[in-house]
Amino acid sequence: MNYKCAKEVLGNVSSDNLLKEMRDVWNACVNEEYFLKPFSYEGFKNHMITNPHFDFDFVYLAYDEDKLVGYSIGIVRSGCKGNPNCSGYFNSICVLKEYRNQGIGNELLKMMEEGLKEDGHSAVYASYFLPSTYSWYIPNTDKHDHPCTPGIRVNSREYLFLLNNGYQPITFQHAFHLNLSDYVYPESINEILERNKKDGITIELYDKDKHSGLEEFYADVKAPDFEKCIRSNLELEHPYPFLVVSDNGKVKGWTGAFWNEESGRGHFDGIIISESLRGRGLGKALFASLAYYSKQNGAKFMTFYTGWDNHARYVYMGAGFKIAQTFAIMKKVLK
Ligand SMILES: CC(C)(COP(=O)(O)OP(=O)(O)OC[C@H]1O[C@@H](n2cnc3c(N)ncnc32)[C@H](O)[C@@H]1OP(=O)(O)O)[C@@H](O)C(=O)NCCC(=O)NCCS
220 MNYKCAKEVL GNVSSDNLLK EMRDVWNACV NEEYFLKPFS YEGFKNHMIT NPHFDFDFVY
280 LAYDEDKLVG YSIGIVRSGC KGNPNCSGYF NSICVLKEYR NQGIGNELLK MMEEGLKEDG
340 HSAVYASYFL PSTYSWYIPN TDKHDHPCTP GIRVNSREYL FLLNNGYQPI TFQHAFHLNL
400 SDYVYPESIN EILERNKKDG ITIELYDKDK HSGLEEFYAD VKAPDFEKCI RSNLELEHPY
460 PFLVVSDNGK VKGWTGAFWN EESGRGHFDG IIISESLRGR GLGKALFASL AYYSKQNGAK
520 FMTFYTGWDN HARYVYMGAG FKIAQTFAIM KKVLK
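This is the structure we're talking about:
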């Protein structure tokens, strides 16, 4: 077996051809089961090249003579190259089935770790970062998909491989799924809405002429990712509709903008309620309203993640969502 860093072969092979070979290995691996999605050549190339953090310097290859039989990809965020204060990231590793159990995966992983170490990084994470860009199918569904994986699929071959190579799970994310044709808006939500209405608290579609206090809401909930979602939606020429909890006209809760993806997935950014209004059933009511609107809007299913210990899981499970997959965020200290 011949092992090389991609930068060594790029003089002889064009990056297009190398990416084509890598995509063949990727597809052969993922087509073994119904989970990660295969790529077209163009799709794989775009996936790598358009990612500002992808760099062939951290791609390692295993050849049997001239045949590419496996690869590993490490990632260093752009701007972090050579910076010992930044961690490296594990992106992916694939070895063709007929070449497994010969130590090739271990060698490719070791090369990736050595490469990151030489660049000055003292830890490697298998987490949200680039792995999150691989989309996957919810098992036992008709192509219900989710656009990213937040970490390593628990109990997969890859998970056990990383565990056995010294990676530790540091936290978990649950992926939730519901086929919206099974969704029934619970009667009990109307009681919650009635109760809150008496205090002037309602759940409504956001209307800039009617609702105010978004800046105060951002400052109150301190959730920069959600703030970014709301702001970028409102900057669109035609913002997508979204729901808010209105406390006498002041925004005190939000659930992400809704639109349908091509696959039929009802998009979901997240849900948040100001602390002063938590525990009044509004989380449940807001989420039920979102699922209802998404279904009315033609969405076939919904998928999203949340941290394994986030209380929001009570809201999701209460609405009938099931955990379809758990992902581990893993870390290894490079010695
Ligand atoms: C998640 C969140 C929206 C829930 O809002 P809420 O209005 O307090 O929730 P509700 O009052 O509707 O409660 C819904 C269920 O969750 C349970 N729950 C909510 N917070 C809980 C907590 N801290 N501990 C235990 N259970 C909790 C409630 O008991 C209820 O279950 P029940 O109907 O079986 O009694 C709110 O906590 C929040 O904004 N969190 C921060 C943002 C976040 O993490 N969002 C999720 C990521 S997408």
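Going by the numbering used here, the first residue of the sequence shown is number 220, and it counts up by one from there.
All C-beta atoms, glycine included, are put in the ideal place defined by N, C-alpha and C.
All values derive from a computational prediction rather than experimental measurement.
Query: Give the DSSP-derived three-state secondary structure of H393 in the structure shown.; Result: strand
Query: Report buried or exposed for N415, applying the criterion of at least 16 other Cβ atoms within 10 angstroms of its Cβ.; Result: buried
Query: Do you know how far the Cα of Y222 is from the Cα of L453?; Result: 50 Å
Query: Measure the CB-CB distance between A476 and F461 and report whether it falls below 8 Å.; Result: yes
Query: Evaluate H457 with the Cβ neighbour count: other Cβ atoms within 10 Å of its Cβ, from every protein chain shown; 16 or more gives buried, anything less gives exposed.; Result: exposed
Query: The beta strand (DSSP E) with N221 in it runs from where to where?; Result: 221-224
Query: Which residues neighbour ligand 1 when neighbourhood means a C-beta less than 6 Å away from any of its non-hydrogen atoms? List them by chain order.; Result: G489, I490, I491, I492, R497, G498, R499, G500, L501, G502, K503, T525, N529, H530, A531, Y533, V534, G537
Query: Per the contact definition of three or more C-beta pairs closer than 8 Å, is the segment 396-409 in contact with the segment 352-368?; Result: yes
Query: Is it true that the CB of K503 sits closer than 8 Å to the CB of I420?; Result: no
Query: Give me, in chain order, the residues of the same chain whose beta-carbon lies closer than 6 Å to that of Y260; leave out the 5 immediate sequence neighbours on both sides.; Result: K239, R242
Query: Would you mind giving the Cβ-Cβ distance between A510 and Y425, rounded to the nearest angstrom? I have them listed as a contact below 8 Å.; Result: A510 to Y425, Cβ: 17 Å. No contact.
Query: Tell me where the alpha helix (DSSP H) around Y260 begins and ends.; Result: 260-268
Query: Is the beta carbon of G485 sitting closer than 8 Å to the one on M536?; Result: no
Query: Would you kindly work out how many angstroms separate the C-alpha atoms of G468 and L328, rounded to a whole number?; Result: 55 Å
Query: Quick test of your reading: F445 and I491, contact by CB under 8 Å. State the CB separation rounded to the nearest angstrom.; Result: 5 Å
Query: Per DSSP, F506 forms a beta bridge with which residues?; Result: According to DSSP, which records beta bridges pairwise, F506 is partnered with nothing at all.
Query: Does the Cβ of D488 have 16 or more other Cβ atoms within 10 Å, making it buried, or fewer, making it exposed?; Result: buried
Query: State the start and end residues of the unbroken beta strand (DSSP E) segment that holds K551.; Result: 541-552
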